[in-house]
Amino acid sequence: MLDTDYMDRALFLAARGRGQTSPNPLVGAVVVSSEGVVVGLGFHERVGQAHAEVRALDMAGARARGATLYCTLEPCCHHGRTPPCAGRVVEAGIARVVAASSDPNPRVDGQGFEYLRAHGVQVETGVGRGAAAALNQPFFTLMREGRPFVVAKAATSLDSRIAAGPGQRTLLTSTEANHHAQRVRAEMDAIGVGVGTVLVDDPLLTVREVFRARPLVRVIFDRHLRTPPDARVLSTREAGPVIIVTTEEGASRAHLRKALEDRCVEIEVARDGTLGAALRQLGTRDVTSLLLEGGAALHRTAWDEGLVDFVRLYITPHTLGPGGVSLFGGRPFSPHSLLERRVELLGPDVMIEGYVHGPR
Numbered sequence: 058m059l060d061t062d063y064m065d066r067a068l069f070l071a072a073r074g075r076g077q078t079s080p081n082p083l084v085g086a087v088v089v090s091s092e093g094v095v096v097g098l099g100f101h102e103r104v105g106q107a108h109a110e111v112r113a114l115d116m117a118g119a120r121a122r123g124a125t126l127y128c129t130l131e132p133c134c135h136h137g138r139t140p141p142c143a144g145r146v147v148e149a150g151i152a153r154v155v156a157a158s159s160d161p162n163p164r165v166d167g168q169g170f171e172y173l174r175a176h177g178v179q180v181e182t183g184v185g186r187g188a189a190a191a192l193n194q195p196f197f198t199l200m201r202e203g204r205p206f207v208v209a210k211a212a213t214s215l216d217s218r219i220a221a222g223p224g225q226r227t228l229l230t231s232t233e234a235n236h237h238a239q240r241v242r243a244e245m246d247a248i249g250v251g252v253g254t255v256l257v258d259d260p261l262l263t264v265r266e267v268f269r270a271r272p273l274v275r276v277i278f279d280r281h282l283r284t285p286p287d288a289r290v291l292s293t294r295e296a297g298p299v300i301i302v303t304t305e306e307g308a309s310r311a312h313l314r315k316a317l318e319d320r321c322v323e324i325e326v327a328r329d330g331t332l333g334a335a336l337r338q339l340g341t342r343d344v345t346s347l348l349l350e351g352g353a354a355l356h357r358t359a360w361d362e363g364l365v366d367f368v369r370l371y372i373t374p375h376t377l378g379p380g381g382v383s384l385f386g387g388r389p390f391s392p393h394s395l396l397e398r399r400v401e402l403l404g405p406d407v408m409i410e411g412y413v414h415g416p417r
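Every position in the sequence shown, counted from 1, becomes a number in the working numbering once 57 is added.
In structure tokens, the structure reads:
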């Protein structure tokens, strides 16, 4: 078998941790003996638990000596929630490490590779780099830009409208599309909406119909603290924290702030009032991925500030006409412009998703 074949297996393993490892990356590892026999397999299953390399080495035992370790990300070299993996690789007697990608975490960022080479381990990088980067876009975005990876999600009509009119609740998607939306919501760290969506739809912002082990962070972008203290989302604290990101002006409205904090809402302030600043505040909380569900003003702002990394659209067989609210505020956009585009039929609806600028 080729290096690419073993790396494909490591990537497959890494994906099994999807939705469970944040703020850590998804990592898979395979140990192959000098005779070409797979003797160890592992993936990072949950934050705080053993890393993929350690799991694979534990399985391999003494057979790891002289073997090759295939891993989807550079082995760490610092003490975090668990001991460093690079030292464990050396101790196990691994002769060669093939890694898909370096780790952009400033505490690693090539130092893991340097440690391995300094201790006589042959290191090769870049095998499966594209697939590994796509797998860990949330982690990479947080490390490099200090903000979550943003997925803009919307249901649209055939004429690219998301609502029949401003402030009108408009149900468009089918049961099949709704179930799909819940499944992908369950994989995200956080879900975000603008205060207008709270006022019009009064959503719960919870994961339904599918299991989710971790709390889901719910974020309301609310410049003037207009969120009602009796909003339904504030009654679902058992599902995860509710954060309102506001401006300094909004935060200064003491009576409104107290009413919300009395409902256990956490208030964050975006210092310069931009959405980018708001997202960086979430980054300080280790939120690696954010599902931006609208409404129209929030989507438009995210698009205008260049903060949308990925788009997921549910296109439905409806026509809302010129009075409807346009996707991204009518900004030039076509699903055909998305990179690595994927299309899936969901009952009468069509789901189209892809990157705005590609994995990086």
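Note that the Cβ used here is the ideal one computed from N, Cα and C, for glycine as well.
Cα separation between residue i and residue j?
i: R112; j: F100; result: 7 angstroms
i: S346; j: R120; result: 38 angstroms
i: I372; j: G411; result: 14 angstroms
i: T129; j: R145; result: 16 angstroms
i: T61; j: V413; result: 27 angstroms
i: T303; j: V326; result: 5 angstroms
i: H356; j: G85; result: 34 angstroms
i: A157; j: V184; result: 5 angstroms
i: P392; j: D258; result: 26 angstroms
i: L349; j: D115; result: 40 angstroms
i: T182; j: A234; result: 39 angstroms
i: V104; j: A270; result: 12 angstroms
i: T293; j: E397; result: 36 angstroms
i: G415; j: D319; result: 42 angstroms
i: Y127; j: R388; result: 44 angstroms
i: L192; j: L402; result: 23 angstroms
i: L205; j: T358; result: Checking the sequence shown, residue 205 turns out to be Pro, not Leu. Rounded to whole angstroms, P205 to T358 spans 16 angstroms at the Cα level.
i: M200; j: A354; result: 27 angstroms
Would you call residue i buried or exposed, if buried means 16 or more other Cβ atoms sit within 10 Å of its Cβ?
i: V22; result: This structure gives no information on residue 22, because the portion of the chain shown stretches from 58 to 417.
i: P195; result: buried
i: V400; result: exposed
i: K315; result: exposed
i: T232; result: exposed
i: F197; result: buried
i: H176; result: exposed
i: Q225; result: exposed
i: C142; result: buried
i: E131; result: buried
i: E148; result: exposed
i: D366; result: buried
i: Q168; result: buried
i: G363; result: exposed
i: G378; result: exposed
i: E171; result: exposed
i: S79; result: buried
i: Q425; result: Nothing about residue 425 can be read from this structure; the chain reaches only from 58 to 417.
i: L109; result: In the sequence on display, residue 109 carries Ala and not Leu. Result: buried.
Identify the residues that DSSP records as bridge partners of residue i: which are they?
i: I151; result: Per DSSP, none; premise fails for I151.
i: A143; result: DSSP lists no partner for A143.
i: T182; result: A156
i: M408; result: Y371 and E401
i: Y127; result: V87 and V155
i: V94; result: Answer by DSSP bridge pairing: none, since V94 is not bridged.
i: L396; result: Y412
i: G381; result: BP columns for G381 are empty, so no partner.
i: G99; result: A86
i: R75; result: None; R75 has no bridge partner.
i: V276; result: G249 and I300
Would you check if the segment 274-287 and the segment 239-254 touch, i.e. whether three or more CB-CB distances between them fall below 8 angstroms?
yes
List in chain order: all unbroken beta strand (DSSP E) runs of 3+ residues lying wholly within the segment 342-366.
346-349
Which runs of the alpha helix (DSSP H) spanning at least 4 residues fall entirely within the segment 186-245, listed in chain order?
186-192, 194-202 and 232-242
Evaluate the contact criterion for the segment 209-227 versus the segment 370-384: three or more CB pairs, one atom per stretch, below 8 angstroms.
yes
Taking contact to mean at least 3 C-beta pairs separated by less than 8 angstroms, is the segment 83-98 in contact with the segment 58-74?
yes
Completely contained alpha helix (DSSP H) runs for the segment 293-350, where each covers 4 or more residues
305-308, 311-318 and 332-340
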